[in-house]
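Inspection log for the structure reproduced underneath, given as structure tokens.
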Amino acid sequence: MFDTVLIANRGEIALRVLRACKALGLRTVAVFSEADRDLPHVALADTALCIGPAPAARSYLDQAAILFAARAAGAGAIHPGYGFLSENAAFAGRVEAAGLVFIGPRPDSIRLMGDKIAAKRAMREAGVPCVPGRDEALSGELEEAQRAAAEIGYPVMLKAAGGGGGRGMRVVAAVGEMADALAVTREEARRAFGNGTVYVEKFLGGPRHVEIQVIADTHGNAFWLGSRDCSLQRRHQKVVEEAPAPGLDAALVAAVGERCAEACRRIGYRGVGTFEFLVEDGAFHFIEMNTRLQVEHPVTEMTAGLDLVQLQLRVAMGERLALSQAGIACRGHAIECRINAEDPASFAPSPGTITTWSVPGGPGIRIDTHASAGYRMPASYDSLLGKLVVHGESRADALARLRAALEEMRVGGIMTNLDLHRRIARDPGFIAGGVDIHHLERLMAPR
Ligand code: ADP
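The opening residue of the sequence shown carries number 102 in the numbering used here; numbering runs sequentially from there.
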């Protein structure tokens with residue numbers, strides 16, 4: 102099969118993938134930009150190749166450079182991590198055309214789920230409950246959009262079919278706002294995603310963001326590995342995640358999880374994936390599927406007792422998953438805080454050199470990071486410095502460990518969102534569990 106994996110990513114996830122490869126006895130190839138020579142996975146990899154200057158478009162997104170590096174270093178497979186090329190169907194196709202293994206789903210699965218309209222349609226057909234709406238592209242004609250919105254009932258949300266990263270979405274509260282909203286969303290979508298296709302669905306006023314982790318092998322087996330709650334968001338970007346999603350009816354979650362696994366079997370899905378839902382008044386509504394490893398995968402690993410990246414690699418090697426749905430249990434509770442290098446007032450990225458880096462430890466504490474004292478955080482990439490993940494026997498236990506861990510953690514030289522996390526960990530709403538996706542912005546709003 103393959104014995105050498107090229108890691109087409111950087112930062113904490115590149116290190117995470119490298120560790121899984123090493124544990125399976127696989128050789129590793131790191132590719133890095135000129136700004137990333139000092140990353141730990143570059144030093145730890147068997148081979149490391151510089152593929153271009155700092156801007157991602159000229160390094161981590163340069164498909165030809167990555168394929169050239171794979172050939173030069175004798176890699177048999179490429180792990181894309183998350184972000185960058187991880188959900189790029191054309192890249193996955195080029196990898197496979199070059200005779201290499203893409204560690205992810207087949208290109209057609211990525212293409213299907215990359216189009217949010219097609220994805221919703223496919224999921225509705227598989228019996229997965231979706232956000233109300235027509236699952237059709239709007240032509241751009243105002244009357245048609247107004248008709249579609251009237252069928253659903255205001256408020257509605259206009260969304261870019263090719264959107265991602267929390268962008269390309271707009272709430273339309275009433276019919277009079279549709280003309281402007283339609284024009285602006287289409288134009289934004291065209292500029293940001295190269296695809297001006299938009300659709301409309303019901304805007305849910307106060308839902309929770311709940312997702313289901315799945316994994317499928319190439320022998321027709323698919324399993325769901327539990328739920329996560331990612332409702333604590335700022336500008337549609339996740340800040341804190343936990344597993345399992347608290348306070349939901351276990352039988353309902355299991356029924357939805359089983360629909361997700363069944364949908365994977367139907368489309369011949371391969372590898373790990375995440376079905377994202379908005380949950381309001383106890384009902385699940387599918388919004389999209391992410392066809393890759395998620396930033397928040399560790400909370401599932403800690404509650405399911407599985408190494409998702411190793412499983413990803415095993416599936417890519419053609420192995421049959423040695424799991425049974427009945428044997429997959431959720432033990433205890435896990436919470437993840439995304440530690441960002443950012444200005445706590447403006448949320449602008451805060452690059453620079455880390456002078457102090459002191460991290461917590463002890464039972465149930467896990468830190469996934471590429472940072473350390475002396476590390477110079479480049480300005481060219483996103484601001485994620487690492488993830489603090491805690492596990493406890495119960496949610497209360499996990500929260501107590503989280504508070505202690507956040508007290509202990511010290512980062513100096515750059516600004517971080519650690520104080521925000523300390524505040525969240527003491528917030529009565531979060532402690533009670535089950536807050537909606539607007540909770541964090543309410544908490545941060547000036548009083
Ligand atoms: P992206 O691909 O950009 O992450 P998603 O479709 O996953 O976009 O939506 C991201 C976030 O936007 C959700 O977690 C939720 O906070 C909000 N959102 C998306 N669709 C709706 C909707 N129909 N009603 C209310 N909020 C929504």
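A virtual CB, placed ideally from N, CA and C, is assigned to each residue, including glycine.
beta-carbon residue i near the ligand ADP non-hydrogen atom, thresh 7 Å
| i | result |
| --- | --- |
| Q395 | no |
| I538 | yes |
| R268 | yes |
| F133 | no |
| E188 | no |
| G321 | no |
| M258 | yes |
| P308 | yes |
| Q314 | no |
| G295 | no |
| L150 | no |
| E509 | no |
| I218 | no |
| F304 | yes |
| I388 | yes |
| L243 | no |
| L379 | yes |
| G126 | no |
| H492 | no |
Boundaries (first-last residue) of the beta strand (DSSP E) holding residue i
| i | result |
| --- | --- |
| D104 | No beta strand (DSSP E) contains D104, which DSSP labels as neither H nor E. |
| M516 | Premise fails: M516 is in no beta strand (DSSP E) and is neither H nor E. |
| M270 | 270-273 |
| F385 | 384-391 |
| G535 | Unbroken run through G535: none, as it is neither H nor E. |
| A435 | 434-441 |
| F133 | 128-134 |
| A178 | 178-180 |
| T457 | 457-459 |
Residue interval of the alpha helix (DSSP H) (run including residue i)
| i | result |
| --- | --- |
| M214 | 208-215 |
| V400 | 398-405 |
| C122 | 112-124 |
| G475 | Careful: G475 lies outside any alpha helix (DSSP H) and carries neither H nor E. |
| I167 | 164-174 |
| L485 | Here L485 belongs to no alpha helix (DSSP H); instead the beta strand (DSSP E) covers 485-493. |
| V143 | 141-145 |
| L424 | No alpha helix (DSSP H) holds L424; DSSP gives it neither H nor E. |
| L150 | Note, L150: premise wrong, no alpha helix (DSSP H); beta strand (DSSP E) at 148-153. |
| A417 | 409-417 |
Short Cβ contact (8 Å threshold) for residue i with residue j
| i | j | result |
| --- | --- | --- |
| S332 | R309 | yes |
| E542 | R335 | yes |
| M478 | A442 | yes |
| G265 | A290 | no |
| T456 | I211 | no |
| D139 | Y476 | yes |
| I515 | S447 | no |
| L186 | A170 | no |
| R360 | A158 | no |
| V315 | C365 | yes |
| V273 | P256 | yes |
| R207 | G369 | yes |
| I436 | L486 | no |
| Q247 | V285 | no |
| H492 | M418 | no |
| T401 | L409 | yes |
| I218 | E237 | yes |
| V202 | G177 | yes |
| A249 | R235 | yes |
| H471 | L116 | yes |
| G215 | A193 | no |
| I468 | L489 | yes |
| V373 | A346 | no |
Nonlocal neighbours in the same chain, by C-beta distance under 8 Å from residue i, ignoring five residues either side
| i | result |
| --- | --- |
| L519 | I440, L507, M510, V512 |
| T454 | G475, Y476, R477, M478, G514, I515 |
| G530 | V536, H540, L544 |
| R195 | Q164, L168 |
Contacts around residue i, its chain only, beta-carbon distance under 6 Å, and the 5 residues preceding and following it disregarded
| i | result |
| --- | --- |
| N322 | L422 |
| T148 | V130, A174 |
| G307 | D537 |
| H320 | R421 |
Cut-off 7 Å between Cβ atoms - residues of its own chain near residue i, not counting five sequence neighbours on either side
| i | result |
| --- | --- |
| A199 | L168 |
| V340 | L333, Q334, R439, L541 |
| D528 | L544 |
| K260 | K217, G269, M270, V299, Y300, E302 |
8 Å Cβ cutoff, residue i in contact with chain B
| i | result |
| --- | --- |
| D137 | Going by chain labels, chain B is absent from the structure shown, which holds only one protein chain. |
Quiz item: Residue ranges of each alpha helix (DSSP H) run of no fewer than 4 residues wholly in the stretch 293-378, ordered along the chain?
Solution: 351-368
Quiz item: Where are the alpha helix (DSSP H) runs, 4 residues long or more, that stay fully inside the stretch 220-268, in chain order?
Solution: 243-253
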